[in-house]
Amino acid sequence: MNPYAKLITSLSLLLGTTITISSNHWMMAWTGLEINTLAIIPLISKSHHPRAIEAAIKYFLVQAAASTLVLFSSTINAWHTGQWDLTQLTHPTSCLLLTTAIAMKLGLVPFHFWFPEVLQGSSLTTALLLSTVMKFPPITILYMSSHSLNPTLLTTMAIASAALGGWMGLNQTQIRKILAFSSISHLGWMSIIIIYDPKLTLLTFYLYSLMTATVFLILNTTKTMKLSTIMISWTKTPMLNATLMLALLSLAGLPPLTGFLPKWLIVHELTKQEMTVAATVIAMLSLLGLFFYLRLAYYSTITLPPNSTNHMKQWHINKLTNTPIAIIASLSMLLLPLSPMILISV
0 MNPYAKLITS LSLLLGTTIT ISSNHWMMAW TGLEINTLAI IPLISKSHHP
50 RAIEAAIKYF LVQAAASTLV LFSSTINAWH TGQWDLTQLT HPTSCLLLTT
100 AIAMKLGLVP FHFWFPEVLQ GSSLTTALLL STVMKFPPIT ILYMSSHSLN
150 PTLLTTMAIA SAALGGWMGL NQTQIRKILA FSSISHLGWM SIIIIYDPKL
200 TLLTFYLYSL MTATVFLILN TTKTMKLSTI MISWTKTPML NATLMLALLS
250 LAGLPPLTGF LPKWLIVHEL TKQEMTVAAT VIAMLSLLGL FFYLRLAYYS
300 TITLPPNSTN HMKQWHINKL TNTPIAIIAS LSMLLLPLSP MILISV
């Protein structure tokens with residue numbers, strides 16, 4: 000890809016995200032979302048592979064439909080109330096349309112079909128952007144209008160997302176698809192709590208982005224795309240693969256690691272809101288996700304293929320140590336002791 004084109008798309012992504020997260024007017028928020036959508040499409044389709052072109056078209060059609068619904072929702076609200084402010088969404092039809100539009104943008108169930116396909120057609124770096132940066136503006140809009148949303152609808156979509164994300168990830172062999180269903184499952188955790196504690200949703204998103212970035216960057220370094228190649232990458236970079244195992248277990252939410260913090264806080268908050276049944280169901284559904292994270296972790300470090308490999312074993316990676324991976328990997332595992340400080344701020 001041309002360096003100038005890459006610079007323009009990167010700056011456009013930054014600009015679109017900044018416009019949306021800093022706007023109070025619906026038209027400005029919509030403009031930011033549109034800039035984001037148009038900026039990421041060249042990055043998805045840059046390999047010129049038919050799978051990448053298909054992913055770019057699917058992404059464009061879904062995001063265009065969602066942006067139309069955002070515009071339609073804000074126009075109906077302005078028509079009835081005279082308000083274009085993001086925090087003044089009061090008309091019931093507008094609230095329903097906005098929830099649908101943001102669910103399409105994020106890939107929540109039942110609007111999740113596009114997300115695994117688009118991730119599978121993208122490179123690992125673009126897949127990382129789609130899983131983290133591109134989710135930030137829609138979550139910000141949900142955060143701003145959280146007091147107006149329908150609790151029953153959001154809770155239903157959240158539990159369905161956690162269930163489907165865990166269930167569909169069980170039989171996948173492509174790592175990008177597994178991480179796509181992992182993202183859908185985590186979005187269920189974020190959306191179930193947004194009405195009751197919006198700050199906790201943002202905290203969950205930040206920690207999820209940190210852990211997902213660790214996994215994607217390690218996979219990008221070892222050039223691993225599917226389960227059969229993750230098994231032989233251990234001989235090339237043993238230290239990175241051990242780090243990958245811990246990052247995956249953190250993403251699963253096992254207690255000593257960072258990923259346990261948001262799940263613990265969400266279950267605690269749901270119990271305080273007398274939603275014990277929802278808390279129990281979503282906690283049980285996270286066991287499905289735990290299974291495929293454990294399978295990935297098992298493949299990455301413990302199993303070695305029965306056949307002999309044809310390449311020389313490389314006990315040291317050829318390039319220098321990657322400092323960003325070291326920093327975010329440490330953060331994605333060791334933030335749990337900071338939970339008292341986070342509890343005070345939240």
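Residue numbering for the sequence shown follows numbering that gives the first Met the number 0, starting at 0 and increasing by one per position.
The beta carbon of each residue, even a glycine, is placed where N, CA and C say it ideally should be.
Contact annotation: the region 175 to 189 touches the region 281 to 288, with at least three C-beta pairs closer than 8 Å. The beta carbon of Glu53 is closer than 7 Å to those of Gly120 in its chain, skipping five residues each way along the sequence. Shown here for Pro255: same chain residues with a beta carbon closer than 8 Å to its own, the five before and five after excluded, namely Leu335 in chain order.
The region 71 to 87 makes no contact with the region 102 to 112, as fewer than three CB pairs between them are under 8 Å. Along the region 238 to 271, the alpha helix (DSSP H) occurs as fully enclosed runs of 4 or more residues at 259 to 271, listed in sequence order.
Excluding sequence positions up to five before and after Ala55, its CB lies within less than 7 Å of the CB of Ile40, Ile43, Ser44, all in the same chain and listed in chain order. Going by beta carbons, Ile138 and Trp188 fall outside the 8 Å limit.
Taken in chain order, the complete alpha helix (DSSP H) segments of 4 residues or longer contained in the region 120 to 182 are 123 to 130, 135 to 143, 150 to 167.
Of the candidates His111, Ala296, Pro2, the residue whose Cα lies closest to the Cα of Ile217 is Ala296.
In the three-state reduction of the DSSP assignment, Lys57 falls in the helix class. Cβ atoms of Leu206 and Thr257 come within 8 Å of each other, at about 6 Å. For Trp25, the enclosing alpha helix (DSSP H) begins and ends at 25 to 43. For Lys222, the three-state secondary structure derived from DSSP is coil.
With three or more CB-CB distances shorter than 8 Å, the region 226 to 236 counts as touching the region 169 to 182.
Here Thr99 is actually not in contact with His90; their C-beta atoms are around 14 Å apart, not less than 8 Å. Per DSSP, Phe110 lies in no alpha helix (DSSP H) and is assigned neither H nor E. When C-alpha distances from Trp113 are compared across Ala126, Lys57, Ser208, Val214, the shortest belongs to Lys57. Taking C-beta separations shorter than 7 Å and ignoring five residues to either side along the sequence, the partners of Leu141 in its chain run Ile101, Ile193, following chain order. Distance from Ala328 to Thr203 at the Cβ level is roughly 19 Å; contact not present, criterion being Cβ atoms closer than 8 Å. Apart from the 5 residues on each side of it in sequence, Thr270 sits with its Cβ closer than 7 Å to the Cβ of Ala278 in its chain, given in chain order.
Bounds of any alpha helix (DSSP H) do not take in Leu85, whose DSSP letter is neither H nor E.
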